[in-house]
Each structure stands twice: as structure tokens, then as C-alpha cells.
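Residue numbers (the numbering used here): 167 to 307.
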């Protein structure tokens, strides 16, 4: 599975929003800073995600972006298929069907699809927070 920079940034943006308190808008500048995404590019990505029903926006001093649905109802696969639709179709055409590896690559693609289709942003953020809490730096040299 090839993921473009736009796809990677879309994943990071939704991950960031899923990590925040539900119902509280997040400013684009804050997402851009935390996730190290160029702000202008993030604005375009969030506009696309809004059209796709992944996020909604609120205006005003306390405005920003927030998830349009609960994080547990948005899968990684759903987002990737939405944001990567044109490039995914191109990359699939590159593989030769008569290759001795064609069957194996189809199985790899199916396995990846299964994982991303079963993983929600809610699960991902909980796992990330748990890993961060359990991380103990080892300062030994």
C-alpha cells in the first residue's frame, strides 16, 4: 500500500483530533505544530476531510476543527480509501498479473486492508496513550 504525503498528513490530522476531548474544536495552527504539518497544506486537507464527512468546523474565537463522528466509528482504511482514491487505482495497475509474485502481493494487499479496516482512530489513540504512559526512558550508556 502506497500512502502519499497527503494521506500521511490526513492520518496525522485525524489522529490529532481523535486525541483531543470530544466536542472541543482544535485550531489548525495547533494541529500543524503538534504534527509538524505545513499549515497551508493542512488547511487543504481538512477542507477535503470536511467534504468527506470526517471533520466539521466551527467559526469564531473558540472555533476550529473536530471529528464529525466518534473516533471509534472512523477506520484508518475508510480514511485512506477516501483520501488516496485516485493514486491507489494507479498503483494497482503497476503490478503484472502474470508475475510469479502476483498471488502473494494480492494476499499482502488483503492483509493490509484487513488491518486498516479493523483499526479505528479511537483504538489507535488509546493504544498510543497507553504506550506513552508505559514508556520509561533508559538513560544507561
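C-beta atoms are modelled at their ideal positions from N, C-alpha and C, and glycine is treated no differently.
Reference residue i, options the options, closest by Cα
{"i": "residue 235", "options": "183, 203, 270 and 225", "result": "183"}
{"i": "residue 247", "options": "278, 195 and 188", "result": "278"}
{"i": "residue 237", "options": "174, 187, 170 and 192", "result": "187"}
{"i": "residue 241", "options": "175, 294, 192 and 281", "result": "281"}
Residue i, buried or exposed, once every other Cβ within 10 Å from all chains shown has been counted against 16
{"i": "residue 227", "result": "exposed"}
{"i": "residue 206", "result": "exposed"}
{"i": "residue 179", "result": "buried"}
{"i": "residue 175", "result": "buried"}
Distance, residue j Cα to residue i Cα
{"i": "residue 249", "j": "residue 190", "result": "24 angstroms"}
{"i": "residue 230", "j": "residue 306", "result": "43 angstroms"}
{"i": "residue 217", "j": "residue 198", "result": "20 angstroms"}
{"i": "residue 283", "j": "residue 251", "result": "15 angstroms"}
{"i": "residue 296", "j": "residue 201", "result": "19 angstroms"}
{"i": "residue 195", "j": "residue 299", "result": "26 angstroms"}
| said: With three or more beta-carbon pairs closer than 8 angstroms as the criterion, would you say the stretch 282 to 291 touches the stretch 195 to 214? | reply: no
| Are the stretch 266 to 276 and the stretch 217 to 225 touching by the rule of at least three beta carbon pairs closer than 8 angstroms? | no
Which complete beta strand (DSSP E) runs does the stretch 189 to 277 hold, if anything under 3 residues is left out? 221 to 224 and 230 to 233
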